[in-house]
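Protein chains: 4
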Amino acid sequence: MTEPPEGYLGAGARIRRGPAPELVEAGYQLELADAPLLQRGFGLADLAHAIVLGERGAIPAADLRALLGALLDLLEEDVAVDGAYGDLANLRERLLTQRIGSAAGWLNAGRPRREAGRIAFRLALRSRVVELVAAVARFADGLVALAARERDTLFPDYTYAQVAQPTTAGHWSLSFAYPALRDVERLRRDFAWVDRSPGGAGGVNGSRFPLDRARVAELLGFAEVATHTRDAIWQTDGLCDLVSHAAIAATGASRFAEDLELYCTDEFGLLRIGDELCRASALMPQKRNPYALAVLRGGAGTLIGRSAGVLATQRTPSGRTDNLLYAYGEVSGAVELAARLLRLAAACAGSVTVDARRAAQRVRDGFALATDVAEAISLSTGRDYRSAYDAVGRAVAEGRLDAVALGIDASALDPAAALAARTVPGGAAPEPMDAMIGECRAAVTEALRWTEVTRAARGRAEDQLVELARSGSRSSVS
Amino acid sequence: MTEPPEGYLGAGARIRRGPAPELVEAGYQLELADAPLLQRGFGLADLAHAIVLGERGAIPAADLRALLGALLDLLEEDVAVDGAYGDLANLRERLLTQRIGSAAGWLNAGRPRREAGRIAFRLALRSRVVELVAAVARFADGLVALAARERDTLFPDYTYAQVAQPTTAGHWSLSFAYPALRDVERLRRDFAWVDRSPGGAGGVNGSRFPLDRARVAELLGFAEVATHTRDAIWQTDGLCDLVSHAAIAATGASRFAEDLELYCTDEFGLLRIGDELCRASALMPQKRNPYALAVLRGGAGTLIGRSAGVLATQRTPSGRTDNLLYAYGEVSGAVELAARLLRLAAACAGSVTVDARRAAQRVRDGFALATDVAEAISLSTGRDYRSAYDAVGRAVAEGRLDAVALGIDASALDPAAALAARTVPGGAAPEPMDAMIGECRAAVTEALRWTEVTRAARGRAEDQLVELARSGSRSSVS
Amino acid sequence: MTEPPEGYLGAGARIRRGPAPELVEAGYQLELADAPLLQRGFGLADLAHAIVLGERGAIPAADLRALLGALLDLLEEDVAVDGAYGDLANLRERLLTQRIGSAAGWLNAGRPRREAGRIAFRLALRSRVVELVAAVARFADGLVALAARERDTLFPDYTYAQVAQPTTAGHWSLSFAYPALRDVERLRRDFAWVDRSPGGAGGVNGSRFPLDRARVAELLGFAEVATHTRDAIWQTDGLCDLVSHAAIAATGASRFAEDLELYCTDEFGLLRIGDELCRASALMPQKRNPYALAVLRGGAGTLIGRSAGVLATQRTPSGRTDNLLYAYGEVSGAVELAARLLRLAAACAGSVTVDARRAAQRVRDGFALATDVAEAISLSTGRDYRSAYDAVGRAVAEGRLDAVALGIDASALDPAAALAARTVPGGAAPEPMDAMIGECRAAVTEALRWTEVTRAARGRAEDQLVELARSGSRSSVS
Amino acid sequence: MTEPPEGYLGAGARIRRGPAPELVEAGYQLELADAPLLQRGFGLADLAHAIVLGERGAIPAADLRALLGALLDLLEEDVAVDGAYGDLANLRERLLTQRIGSAAGWLNAGRPRREAGRIAFRLALRSRVVELVAAVARFADGLVALAARERDTLFPDYTYAQVAQPTTAGHWSLSFAYPALRDVERLRRDFAWVDRSPGGAGGVNGSRFPLDRARVAELLGFAEVATHTRDAIWQTDGLCDLVSHAAIAATGASRFAEDLELYCTDEFGLLRIGDELCRASALMPQKRNPYALAVLRGGAGTLIGRSAGVLATQRTPSGRTDNLLYAYGEVSGAVELAARLLRLAAACAGSVTVDARRAAQRVRDGFALATDVAEAISLSTGRDYRSAYDAVGRAVAEGRLDAVALGIDASALDPAAALAARTVPGGAAPEPMDAMIGECRAAVTEALRWTEVTRAARGRAEDQLVELARSGSRSSVS
């Protein structure tokens, strides 16, 4: 029988051996890979737990002082991670015990290993979701700015990659901003899910120790307590939602990138992105490869898989650990990847320039006004639309749209007149465009303000907790 | 050159051949498979379009009367679907033209084929999402009722499928109700996304015809207009969300089913579901197979794939049809499958009975109180928790927990006393349980009320639209 | 207690109620939706089981005759499917019992309900996989024919949708044929997995009845017996593989479609697909929408989800039914969808025409020869490649590649000379192209021959089985 | 305009700016994260390219000597990775140019950046796939050894987690070995796909430089050349297959883990895994949590997502980089994760012990022999099976199976007799078991031998290449 490494087990009531190397490799090292993500949050969770037990008189004064002091020290250190000694909770307990002896044993009072992990995970996610919201809002901001710059720039709308009708570059750009702003809303709701404290839940449904869930939540700066204790500890629906929303946001950016890739070809020549988003070829001297767009597209595909994986992992009974074991790294990684992608998409949006001459030419050459002409015929003659359509269809087949031949006013062939008529809400005429640009700008501003307020509140809560712990670690009386 | 079938093409300006059999098989038949889903919605969308154009004077009075009459007739018919003539829009136009000639040609005025499809899809989804919300709410209702019935029934809580701590069957049941109620919230937000009208958008950004987006939305009973016209027609983020939420809800039901499967084994013997949810074996006379639970588990896995597929399909440029071509069937099918699964899960929850004797015995035999004993030692002696844990660990290793030997009060070994101490918010003691049951009941009631109100409003809007059309089809003056 | 419908249960030893409506809706109707797929296979499996038991003397002669006769009758009928009476096995047993009484009871001898289902499923898959192989082979065939037609047609190769180097349309086309031929190989291996008989396995590991696994396999025309009985009945790895391969094949077709969509735009103007694969717009008279390509792309995305779903469903314990309950419909549906897509892709490949003039112009305008020029400089001067590249890069930046100025032979600017130099194996020069075209043609021919042989063998086996049953049903002596 | 960092661009013909920070963060750092994976392979690919160009006289002798020497030096170094200078190819070229000036420029002769990457990726995958094959073979080995140890140990077979029929622990164990051995076959075919050289392909279809594809393949120890040059560089079907197979193998291990989790509960008590695969709880002194099983289950779910993500990313046009940009890390990571999981699964299989007494008792208490009894009745009386089944069903309902009352021989109730009758191929009787154990052992042995041979061959090829380069770097004459 292999002796367990010192500190790996507690009393070892029912387990008497150290971990198999295969378990260290596949299990503990997997968990420890998340240590950089979780380490500080573990420290904060431990501080809050100790403070609450201290406030409610469950820990002797001297033990409390020693514990808080040791935890504060640990907060500034990187714990050397070695899977042979177990996971992060094991390693931290081992270090604390070496430093302050049995006083370290209070950390497990009324609290399973997983609770500190859940809290640390939510703290880490809170930051990451805020950064993702900021990145999506910046992407929307870039799109809205582009829409404002090109509000009146004639542009061909495509369906099936075939010229459809006249539009403006601004209207096209805004069609990506609206989904991005819905992404912001979704992610803020995800934040609200994350921002609930599972702390003070006991093993499953409370404890004989005098826990105080509201106080733990307050100390850690959570907006509220996740009510049902078992649900609070094991719930994963919000994680599935979060990764799915990261994938949806990245897919929106990927869709924008696919349009850019097409419109930036020499053949289309409608748009151009900056040199700083392209790369040269090592072999072909004439190349200017829009590398950023490939990064966006591949990233979206990768995130779609992350979303499927997190969801597939949730098909499991309750209370089984496998449903959350991988989630820490997978979900955090997905949110971070999405944030990097959205920042890149924002850079792309910011760098887009339009070739207005080419765009106008494509509107003309692509018979984009054919529909307007048919509409003009129908409107001026009272003939049904299908009959007018057929007449125009024949003209297009002959290769030319001629106002006189078709018996209509020349303005029917004027793209500017066409756009001026697009006055329905959400349309391309200046008035609905201005209304939409204003609406989107307000939403972007509000989202960015929220990210700043939220970051600041988080920092303040953390400072206060550390300050409280510091004062507790120095107090001469409990 | 194959002659196109009569009515397949309009003027055939640029296309002069009928569809290849491979395209009929893979394309039009795929679309027509959704005809039962979309047919009525197409009819309503056409009525609303015609009425609005009529109200704004764009259609001559006689044409309008003929058109409304023919559309009303068609509303009551099942259009025979034959892919050789194209999709549902083609087939409907063909029938209308056969019946009322060129007056049918007004339907395409200011409106591409896809707009009626989008509206019909949203109308169909509206109903389906309401039914899914109702099914999830009923599932939550069954869980809450079970929780109320078994509020005080001692039950072992398991982690890793190993006995952990004492709980109640009611607390365990409620841990599935909370996620289900979050599913309800999510799905109602999805409903709000669905309940926006894309109508009156023109081809991409308006039209020269006098469209009226607000009036179209009102006639079809939509809560609001989806603002940006291009976004309104092509957006899919809400569909990804909806399928993902259907999968999350089904995964919650599957998790409940996995617990049931375990607890209903003869070996665990803690629970029992009704005969009406089981099936016999054709070979083995002694079997009582919990078939419903397999249906729930496999269904969740299937829906996870649907969610991945809808998302994968969205990685595409804008305005390309492929992103919505399959969505009609896939998303509707997923929502319907989820509703069937949740109704089955509700039936399972409703049929659960608890073997309280076996449950209490497992609490005892599984040393579920070991943690409480260690807590009692720590609380009564002031020793740190880890030390107390070690002492109890040794006692468990010897196979018995003895209050006297451990120097604690006998109540530490009383499960009822343990549960009575679980008074934290969300805990298993009667007070927090009653609070949670009340909160959940209120949420269920409000959700079910919403489904009724929403169904009724939908019916009313449809009746009014048909009535308006009927009066328009009869009016002697435009 | 609800009375079970007549015939739903056997002795009802442990189940005394009919199925709940929720179970009928979510379970039995789900299974019965597969009835068209499985019905004939069930009949054949039942015939083979009865014949083997008869041959080995386990069924009395009169019972055997009655049973075979009734099974043959049933083989020609569509069983009316009503979920209230259970699944297909239940319904068949019910019908047989009504017709021949207790002789029907022999069908369950040594055989659980699931065995006939597994056999029927494999028989159905066998046909579908053969059709998918045929479709992929036809797609490869179309690509190879295109490659042969356009073996020498100068064409720009693109990376990042930017012109890279000169190639031929034939070389580009062949780059899709190779993956398709690997799809054929993969699918034929999947067929080999499918073509193993799970028959005669008993409930789990044999039976007291004198089963004969080899004889069952022979009667049903399977190539071999799936050895381990429990594995034979429950294995799903081949199904995951099959759906994944259907998705990979469809993704290959989708990739081809994405290239076509780009090259068929007016802006690129390099290729054209047939009118019979396009559709008109109802609104825009000038449109010619490549509808087939959208069908291909969306289909691939949908199949990616099917693959994820089947795999996600397999994360389950052994022997649990949920892992195969949905597979029948999901896997068969996926293989069929893939076959439809590949047939459409073959039609696309067959219809492609190349605009050689535009292609040659793009090679020139896109500076596709820049690399060749740099190579020529390096080869003729002995300067390292990067230096030559830099010189050419500067020339491109100035907008012109001039042989004299760069001090090279004019042939460096001749695309034909460039292509003639591509003589490495797999390259674009005529010799390697001819070698590859020959290799691919041979592979296509062999694949199509295999599909014919396999279809014929399957038909023969089925005829023989029915003939044997017919003779058994008539024989006066057992 | 931001100055590009020194060495980032070549001549910068069409790009004149350094990369945006967002591109460095999302693009280059993503690529550089794979540097540890690819670095050595890049070095080997560069050596082979230089040697072949040297052998065919394309590089001047002095340049060749300098280049080989510098490449050999670099082979032993870790290139410090800094995304501001681009990807690994950029960084290597920069270092080489600093050291040997323009001689470094030969590395790009006839070769785009991506070719070295593709080669390095395949070299890295080769090793990883071999290790995964070894891990799966060891898992199968452990299962076969368990099957041999427990060949005759009576065990209940479960379906729906309900006792079905008698089996042996050995037969149950072998039912996981067969799928694992099919995983081995699949992965070896994937290896064959990986083991083809894309080298010497030129930019897309050859080059004016005298490339030699067979020689490059030989130098790098590839089994063969991937024929079609464009396919060779861009193909991804084998990667999709590989990740899918990694997921399937992990799902097989997860299924085994799910069975273990159930059978290792105190309630079932049939099996036990070693302490070294479990962990203690920090809170609950009595717990013995089978942590390894949670690692296996969650790992399978995670890999299912990886598979979906790689496939989703492939839905893209040809020649677009996004389809391979993420694949390097995703596919390698998936294969490595699967190998870790399979090694853990092997450790689990190796540690399983069976509680034969409990198992026998469950067979008895679970009426596992009910089917055998019904079979005995049918066989001895000639009554059809359903009638016998009904009789036994009634007996079970009364709670006892009594041979006398049922009028059968007592041996019908003897599990050993039942098992002895399971003599069909693949059955549980000793003869078919021995045959299967022998067959599986041979397959395991052959698989492990292959991994050793393959590892050795790979090492030899690499040594020879380095030796050849060393001699080239020293040679006084070219």
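Chains as they are written, first to last, in my numbering: chain A, 19 to 496; chain B, 19 to 496; chain C, 19 to 496; chain D, 19 to 496. Backbone N, C-alpha and C define an ideal beta-carbon position, used for all residues, glycine too. Keep in mind that this is a model prediction, so the values were computed, not measured.
Can you list the residues of chain C that residue i reaches, using a CB-CB cut of under 7 Å?
i	result
residue 304 of chain A	385, 388 and 414
Quick one: list the residues of chain A neighbouring residue i, beta-carbon separation under 8 Å, in chain order.
i	result
residue 131 of chain D	299, 300 and 301
For the putative contact between residue i and residue j, defined by C-beta atoms under 8 Å, what is the C-beta separation to the nearest angstrom?
i	j	result
residue 148 of chain A	residue 473 of chain A	6 Å
residue 41 of chain D	residue 295 of chain A	6 Å
residue 458 of chain D	residue 158 of chain D	7 Å
So for residue i, helix, strand or coil by DSSP?
i	result
residue 290 of chain A	strand
residue 19 of chain A	Caution is warranted here: a pLDDT of 49 is assigned to residue 19 of chain A, below 50, making its placement in the model unreliable, and the coordinate value is therefore given only provisionally. Coil at residue 19 of chain A, not helix or strand.
residue 32 of chain B	coil
residue 269 of chain C	helix
residue 254 of chain A	coil
residue 339 of chain B	coil
Can you name the start and end residues of the alpha helix (DSSP H) that residue i belongs to?
i	result
residue 403 of chain C	403 to 415
residue 433 of chain C	433 to 438
residue 67 of chain B	53 to 73
Under 9 Å Cβ-Cβ, which residues of chain B neighbour residue i?
i	result
residue 411 of chain D	298, 303 and 304
For residue i versus residue j, is the C-beta distance shorter than 8 Å?
i	j	result
residue 408 of chain D	residue 81 of chain C	no
residue 107 of chain B	residue 129 of chain B	no
residue 54 of chain D	residue 136 of chain D	no
residue 265 of chain D	residue 324 of chain D	yes
residue 155 of chain A	residue 466 of chain A	yes
residue 326 of chain A	residue 326 of chain B	yes
Where do the ends of the beta strand (DSSP E) carrying residue i lie?
i	result
residue 181 of chain D	180 to 186
residue 173 of chain A	172 to 177
Using the beta-carbon of each residue, which ones in chain A are nearer than 7 Å to residue i?
i	result
residue 246 of chain B	192, 193, 196, 444 and 454
residue 124 of chain B	402 and 403
residue 335 of chain B	273, 276, 277 and 280
Going along chain A in order, which residues have a C-beta closer than 9 Å to the C-beta of residue i?
i	result
residue 279 of chain C	178 and 179
So which residues of chain C does residue i contact, with C-beta pairs closer than 8 Å?
i	result
residue 81 of chain D	402
List the residues of chain D whose Cβ lies closer than 8 Å to the Cβ of residue i, in chain order.
i	result
residue 221 of chain A	301 and 302
residue 284 of chain B	180, 181, 383 and 384
For residue i, return the contacting residues in chain C, with the cut-off set at a CB-CB distance below 9 Å.
i	result
residue 213 of chain B	Residues of chain C passing the Cβ test: none, with the nearest at roughly 25 Å.
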